[in-house]
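Counted from 1, the sequence shown has number 271 at position 270 by my numbering; the numbering is strictly sequential.
In this text, a Cβ means the ideal position worked out from N, Cα and C, and glycines have one as well.
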Amino acid sequence: MKREYLFSISVTVLVLCLIFTLGCSFISVSLVPTIEPLRETAVAGSGKNKILVIDVSGIISETKRQGLAGLSDEPDMVALIKEELKTAARDKYIKAIILRINSPGGTVTASDMIYHEIEQFKKGTDRKVIACIMDLGASGGYYVAVSADKIIAHPTTVTGSIGVIMLNLSMEGLLQKIGVKDTSIKTGEYKDMGSPLKTMTDDERKIFQGVMDTLYERFLMVIAENRKGLTPEKLRSLADGRIYTAQQALEYGLVDRIGYLDEAISLAKEEAGLTEASIVMYHRPGAYKNNIYSQLSSAGFGTINLLNIDLKTFVNSGTPSFMYLWAP
2 MKREYLFSIS
12 VTVLVLCLIF
22 TLGCSFISVS
32 LVPTIEPLRE
42 TAVAGSGKNK
52 ILVIDVSGII
62 SETKRQGLAG
72 LSDEPDMVAL
82 IKEELKTAAR
92 DKYIKAIILR
102 INSPGGTVTA
112 SDMIYHEIEQ
122 FKKGTDRKVI
132 ACIMDLGASG
142 GYYVAVSADK
152 IIAHPTTVTG
162 SIGVIMLNLS
172 MEGLLQKIGV
182 KDTSIKTGEY
192 KDMGSPLKTM
202 TDDERKIFQG
212 VMDTLYERFL
222 MVIAENRKGL
232 TPEKLRSLAD
242 GRIYTAQQAL
252 EYGLVDRIGY
262 LDEAISLAKE
272 EAGLTEASIV
282 MYHRPGAYKN
292 NIYSQLSSAG
302 FGTINLLNID
312 LKTFVNSGTP
322 SFMYLWAP
């Protein structure tokens, strides 16, 4: 009897301790998974030497993508490509890189940052880079492509759209109809230039055009530095914003050849002096990587995005955006 009594007291004390402990504890649950290091998967070929496929897909931006629920741990495109290049630079068996491009372009700065990172990778490692343009490699997408040693366009590629666009809206007329008036206070005549709350003046337009012209000249300079035979003067007739088919791009010297992704792989081997190589991709745990056409999976980044769209790319605070973007 005494033994049973002691046992019941022990159980009671244990339960009370557990209740006390739980009552004083905080349970933290994160709905957004922590980003894990990149993993490597071989999707084709064989051998210890490797060719890495890097995706440049979608709008080029340094803005972190988020779903409608606001839950995302997916890095922005610039950060991801930088991470992939850094990982590749440390791997002595990565002998070449293929940029698999499917993009209408994006912000001027993000496009230039990726271009710069690829240039730095080439200088630091002396490894070859091949660009393979898939459906679309327009504007900023083409800007990134010219960082490669050679450019291959898929037979159905659309490319070109060389130029700059500033996305801006004026809502002044609409606001007047509903009785809303802009009463912003400013310290200078041009402090609110580009505001969607008022109509742009001629002087403001001239200022913006000056910025656009400078960014346009840089676009031409970058192409001229990387594409033999294409001087800024010769480029001007091509760089009026129009798009080109793969065949037209080849004729004008914007690409080196027309072919498929497997031909880009063969060219990468040739440029790297390889007879065989494993074709690899980097990814987060859980991402699907089965063959050379496997795409980057948002699931691998723990993204919750109910409609699979990136609203932040298209809807901002109203600030004018300078874009290397094909935006029909």
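Quiz item: Mind pulling the alpha helix (DSSP H) runs of 4 or more residues that sit fully within the stretch 146-193?
Solution: 173-178
Self-check item: R285, DSSP secondary structure in three states
Solution: coil
Quiz item: With distances taken between CB atoms, is the gap from I293 to V54 smaller than 8 Å?
Solution: yes
Quiz item: Exposed or buried, what is L326 when buried is set at 16 or more other beta-carbons lying within 10 Å of its beta-carbon?
Solution: buried
Quiz item: For M324, does the three-state DSSP call read helix, strand or coil?
Solution: strand
Self-check item: Through-space distance from C133 to K270, alpha-carbon basis
Solution: 14 Å
Practice problem: Grab me the residues of G125's own chain with a C-beta within less than 8 Å of its C-beta, minus the 5 sequence neighbours each way, in chain order. | Solution: A90
Quiz prompt | Range covered by the alpha helix (DSSP H) that runs through V79 | solution = M78 to R91
Self-check item: Cβ-based burial, Y217 [other Cβ within 10 Å; buried from 16]
Solution: buried
Quiz prompt | Same chain only: Cβ atoms within 6 Å of M172, ignoring 5 sequence neighbours per side | solution = P197
Quiz item: In or out: P329 buried (at least 16 other Cβ within 10 Å) or exposed?
Solution: exposed
Practice problem: Please check the pair E234 and K151, which I expect to be a contact at CB under 8 Å, by giving their CB distance rounded to whole angstroms. | Solution: Actually they are not in contact, since the Cβ atoms of E234 and K151 sit about 24 Å apart, beyond 8 Å.
Quiz prompt | 6 Å Cβ shell around I28 - same chain, five flanking residues per side excluded | solution = Note that I28 scores 49 on pLDDT, short of 50, meaning its location in the model is unreliable; the coordinates nonetheless yield the value given after this. Result list for I28: empty, nothing under 6 Å.
Self-check item: Under the three-state DSSP convention, the category P329 falls into
Solution: coil
Quiz item: By Cβ distance below 6 Å, which residues in the same chain neighbour I153 in space, the five residues on each side in sequence not counted?
Solution: C133, R258, G260 and A265
Practice problem: Assuming F323 and V109 form a contact by the criterion Cβ under 8 Å, report the distance between their Cβ atoms to the nearest whole angstrom. | Solution: 5 Å
Quiz item: Is DSSP giving I134 helix, strand or coil here?
Solution: strand
Practice problem: Go to I52, then tell me how far its beta strand (DSSP E) extends in each direction, as first and last residue. | Solution: K51 to S58
Quiz item: Is the number of C-beta pairs between the stretch 176-194 and the stretch 224-244 that are closer than 8 Å three or more?
Solution: no
Quiz item: Using a Cβ-Cβ cut-off of 6 Å (strictly less than) and excluding sequence neighbours within five positions of L312, which residues of its own chain qualify?
Solution: Its pLDDT being 42, under 50, L312 is placed unreliably by the model, and the measurement read from it follows with that caveat. Same-chain partners within the cutoff: there are none.
Self-check item: Three-state class that DSSP yields for G211 in the structure shown
Solution: helix
Quiz item: Taking the alpha-carbon positions, what's the Y143 to I179 distance?
Solution: 43 Å
Quiz item: In whole angstroms, what separates the C-alpha of D263 from that of Q177?
Solution: 57 Å
Quiz prompt | Straight-line gap, T158 to N50 (C-alpha atoms, nearest Å) | solution = 30 Å
Quiz item: Just curious, the alpha helix (DSSP H) that G125 is in, first and last residue?
Solution: V109 to T126
Quiz item: Taking just the CA atoms, how far does D193 sit from V30?
Solution: Low local confidence applies: a pLDDT of 48 at V30 is under 50, so the model's placement there is unreliable, with the coordinate-based value given in what follows. One C-alpha to the other measures close to 43 Å.
Practice problem: Let me know the alpha helix (DSSP H) ranges lying completely inside the stretch 215-275, each 4 residues or longer, listed in chain order. | Solution: 233-237, 247-252 and 262-273
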